[in-house]
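Participant: Got a structure for you, questions after.
Chains as they are written, first to last, in our numbering: chain V, -2 to 237; chain D, -2 to 237.
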């Protein structure tokens, strides 16, 4: 594995969960909305989990071709409105509108901006996310995340782990998969990337999913500094 | 104008010529290739101008629908091969192959990386270029240019000044054109941007084209520091 790692030229980064705290930020916004509505904020974790579950399910239906393409922003809006209606949550229209755009305000993890800036000195650094481009642009601006290239599943109307999204990165940037590493906190994202010949780096994040005992990722890192320490220090500038 | 400028939230940057020295870098590579081939390097300016002219002409034919989509990388390769054959330039296959990829090695202007990093603290910073995405990724990595989002005419198979490219940025990032400024050293790029309601900033660069006396750009800057000084210091974070 160590020998292979020396070949890395490009890092493809998952964003939601990996560079920004999606779960915590959304739960906080749901909690604030409930408090402002005079409702019980302790429901926020349960409701935001339910929201995340419905978003995943809609994305799965898009990937399966069972429903038409819907951007993640549209999915967020539709699903929070459903949940509010079905659970009888007393949020007025402005509160629901604010929650619908919560995806644009996810907090970066404290190490994300600096690590990304440092890794960009050595590697081609590319976002490969299920968030749509306006959301990625807003999160990048607010979180100080900056890139050599930014790609979204939106460009091929599919969501990771659909193969079209990994192929998008390989094809659009003409990358050698054997010199490209997917960085994510989601084991499912890395397993799918590995199926396309990509190297994989798992980064543990609070609230994330641990790898299965059978997962074999090229790097398992406790945070982005740990990842940077496990990557080669010298990289051929033309390697892609 | 000064009042309007205060509304800027997003800067769309032309890259070739504006952030990297396309003309000088290409002429240098042509000169080196001629020298290595034992040929007269003083032809390099003439040949590289001829090359640029043919690239522009091919892009015009793509925009006019007279030839099929061809990426800028492919256009560069085809046109240098044509020129070498027609002018009887004694370059062997490896020398031609190296010139064909010269677009990936354009030198950044000395102020580009730092200015872009500084402007990214205030504005949404987006590349909007006729270079294809692999080229933009390589130029950004080598030149230390980093972005919140990177867009290429390749995504809509058209070249600026074709309207589809400006519409791509407005549509994909859901930008308000009245809060968006195109930054370029090419007057033709800014004139086309203005037709879509975008604000415009002309940045003078060595070897570039001066504005016409009738051009009315929102900002005319001598370099990127001058541009930064003419832009507002306080920007609403959610303004797009």
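Beta carbons: idealized from backbone N, C-alpha and C, even for Gly.
Is residue 144/V helix, strand or coil when you go by DSSP?
Facilitator: Along the first chain, one-based indexing puts residue 144/V at 147. DSSP places residue 144/V in strand when its eight states are reduced to three.
Participant: So, does the segment 216 to 232 of chain D touch the segment 109 to 127 of chain D, judging by three or more C-beta pairs under 8 angstroms?
Facilitator: Enough Cβ pairs lie closer than 8 angstroms, so yes.
Participant: Helix, strand or coil for residue 163/D per DSSP?
Facilitator: As a working mapping, residue 163/D is identified with position 166 in the second chain. Residue state, collapsed to three classes: helix.
Participant: Do residue 165/D and residue 174/D come within 9 angstroms of each other at the CB atom, strictly closer than that value?
Facilitator: For the purposes of this step, residue 174/D is identified with residue 177 of the second chain, where counting begins at 1. For the purposes of this step, residue 165/D is identified with residue 168 of the second chain, where counting begins at 1. No; because the gap between Cβ atoms is not below 9 angstroms, this pair is not in contact.
Participant: What first and last residue would you give for the alpha helix (DSSP H) that runs through residue 216/V?
Facilitator: Taking the first chain and counting its residues from 1, one reaches residue 216/V at position 219. Taken as a continuous stretch (DSSP letters only), residue 216/V belongs to no alpha helix (DSSP H), being part of the beta strand (DSSP E) at 216 to 218.
Participant: Which residue or residues does DSSP assign as beta-bridge partners of residue 105/D?
Facilitator: Residue 105/D sits at position 108 when you count from the first residue of the second chain. According to DSSP, which records beta bridges pairwise, residue 105/D is partnered with 17/D.
Participant: Enumerate in chain order the residues of its own chain whose CB-to-CB distance from residue 131/V is below 8 angstroms, with the five nearest sequence positions on each side excluded.
Facilitator: By 1-based counting over the first chain, the position of residue 131/V is 134. The answer, listed in chain order, is 70 and 101.
Participant: Mind checking who residue 120/V pairs with in its DSSP beta bridge?
Facilitator: Here the question's residue 120/V lines up with position 123 in the first chain. Partner(s): none; residue 120/V has no beta bridge.
Participant: Just to make sure I have the definition right: I need the residues of chain D whose C-beta is within less than 9 angstroms of the C-beta of residue 176/V. Which are they?
Facilitator: Here residue 176/V corresponds to residue number 179 of the first chain, with the count starting at 1. The contacting residues do not exist; residue 176/V stays about 13 angstroms from chain D at best.
Participant: Please list the partners that residue 147/V has in chain D, where partner means a Cβ-to-Cβ separation under 8 angstroms.
Facilitator: Position 150 of the first chain, counted from the first residue, corresponds to residue 147/V. Under the 8 angstroms cutoff, chain D gives 144, 145, 146 and 147.
Participant: Quick one: what's got a C-beta closer than 7 angstroms to residue 214/D's C-beta in the same chain, skipping five residues either side?
Facilitator: Here the question's residue 214/D lines up with position 217 in the second chain. If we look at residue 214/D and ignore the five residues flanking it on each side, its Cβ neighbours are 187, 197, 198, 199 and 208.
Participant: Can you round the beta-carbon distance between residue 67/V and residue 180/V to whole angstroms, since I take them to be within the 8 angstroms contact cut?
Facilitator: Along the first chain, one-based indexing puts residue 67/V at 70. Along the first chain, one-based indexing puts residue 180/V at 183. So it is not a contact: roughly 27 angstroms between Cβ atoms.
Participant: Let me know if residue 48/V comes out buried or exposed under the rule of 16 or more other beta-carbons within 10 Å of its beta-carbon.
Facilitator: What you label residue 48/V is simply residue 51 of the first chain in a count that begins at 1. Buried: at least 16 other Cβ atoms inside 10 Å.
Participant: DSSP on residue 8/V, reduced to helix/strand/coil?
Facilitator: As a working mapping, residue 8/V is identified with position 11 in the first chain. Residue 8/V falls in the strand class under three-state DSSP.
Participant: In this structure, how does DSSP classify residue 180/D when only helix, strand and coil are distinguished?
Facilitator: Locating residue 180/D in the second chain gives position 183, where the first residue counts as 1. Strand at residue 180/D.
Participant: Secondary structure at residue -2/V, three-state DSSP: helix, strand or coil?
Facilitator: Counted from its first residue, the first chain places residue -2/V at position 1. Confidence at residue -2/V is low in this model, with a pLDDT of 49, below 50, so its placement is unreliable and the value that follows should be read with caution. Looking at residue -2/V - three-state DSSP - the assignment turns out to be coil, as it is neither helix nor strand.
Participant: Kindly indicate which residue of 143/D, 185/D and 119/D has the alpha-carbon position closest to the one of residue 225/D.
Facilitator: Residue mapping note: residue 225/D aligns to position 228 of the second chain, counting from 1. That would be 119/D, whose Cα lies nearest to the Cα of residue 225/D.
Participant: Give me whichever residues DSSP pairs with residue 30/V in a beta bridge.
Facilitator: Translated into positions along the first chain, residue 30/V becomes position 33. DSSP lists no partner for residue 30/V.
Participant: Between which residues of its own chain and residue 31/V is the CB-CB distance below 7 angstroms, once the five residues before and five after are set aside?
Facilitator: Along the first chain, one-based indexing puts residue 31/V at 34. Only 37, 38, 40 and 41 meet the Cβ criterion.
Participant: Just how far apart, CA to CA, sit residue 114/V and residue 127/V?
Facilitator: By one-based count along the first chain, residue 114/V stands at place 117. By one-based count along the first chain, residue 127/V stands at place 130. Their Cα atoms are separated by approximately 22 angstroms.
Participant: If we ignore side chains and look at the alpha-carbon of each, how far apart do residue 52/D and residue 90/V end up?
Facilitator: Stepping through the second chain from its first residue, residue 52/D is reached at position 55. Stepping through the first chain from its first residue, residue 90/V is reached at position 93. The alpha-carbon atoms of residue 52/D and residue 90/V are separated by roughly 53 angstroms.
Participant: Assuming residue 123/V contacts residue 13/V (C-beta within less than 8 angstroms), just tell me the rounded distance between them.
Facilitator: Position 126 of the first chain holds residue 123/V. Position 16 of the first chain holds residue 13/V. Rounded, the Cβ-Cβ distance is 15 angstroms, inconsistent with contact.
Participant: Compare the C-beta of residue 107/V against all C-beta atoms of chain D and say whether one is closer than 9 angstroms.
Facilitator: As a working mapping, residue 107/V is identified with position 110 in the first chain. Not closer than 9 angstroms to any Cβ of chain D, the Cβ of residue 107/V fails to qualify, so no.
Participant: Take the Cβ of residue 210/V as the centre, count every other Cβ of all protein chains shown within 10 Å, and call the residue buried at 16 or more, exposed below.
Facilitator: Position 213 of the first chain, counting from 1, holds the residue named residue 210/V. It is exposed - the Cβ of residue 210/V has fewer than 16 other Cβ atoms within 10 Å.
Participant: For residue 185/D, does the count of other Cβ atoms within 10 angstroms reach 16, so buried, or fall short, so exposed?
Facilitator: Here residue 185/D is taken as the residue at index 188 of the second chain, counted from 1. Exposed is the call here.
Participant: If the criterion is Cβ atoms closer than 9 angstroms, does the pair residue 147/V and residue 133/V meet it?
Facilitator: Working through the first chain from its first residue, we reach residue 147/V at position 150. Working through the first chain from its first residue, we reach residue 133/V at position 136. A contact, by the Cβ cut-off of 9 angstroms.
Participant: How would you list, in chain order, the residues of chain V whose beta-carbon sits under 7 angstroms from the beta-carbon of residue 138/D?
Facilitator: Working through the second chain from its first residue, we reach residue 138/D at position 141. Within chain V, the residues near residue 138/D are 121 and 145.
Participant: Should residue 169/V be flagged as near chain D, meaning a C-beta pair shorter than 9 angstroms?
Facilitator: Your numbering for residue 169/V matches position 172 in the first chain. Yes, because at least one Cβ of chain D sits closer than 9 angstroms to the Cβ of residue 169/V.
Participant: So what does DSSP say about residue 76/V, is it helix, strand or coil?
Facilitator: Here residue 76/V corresponds to residue number 79 of the first chain, with the count starting at 1. If DSSP states are grouped into helix, strand and coil, residue 76/V belongs with the helices.
Participant: With a CB to CB cut of under 8 angstroms and the five nearest residues on each side skipped, what residues in its chain are close to residue 24/D?
Facilitator: Taking the second chain and counting its residues from 1, one reaches residue 24/D at position 27. Hits under 8 angstroms: 41, 42 and 45.
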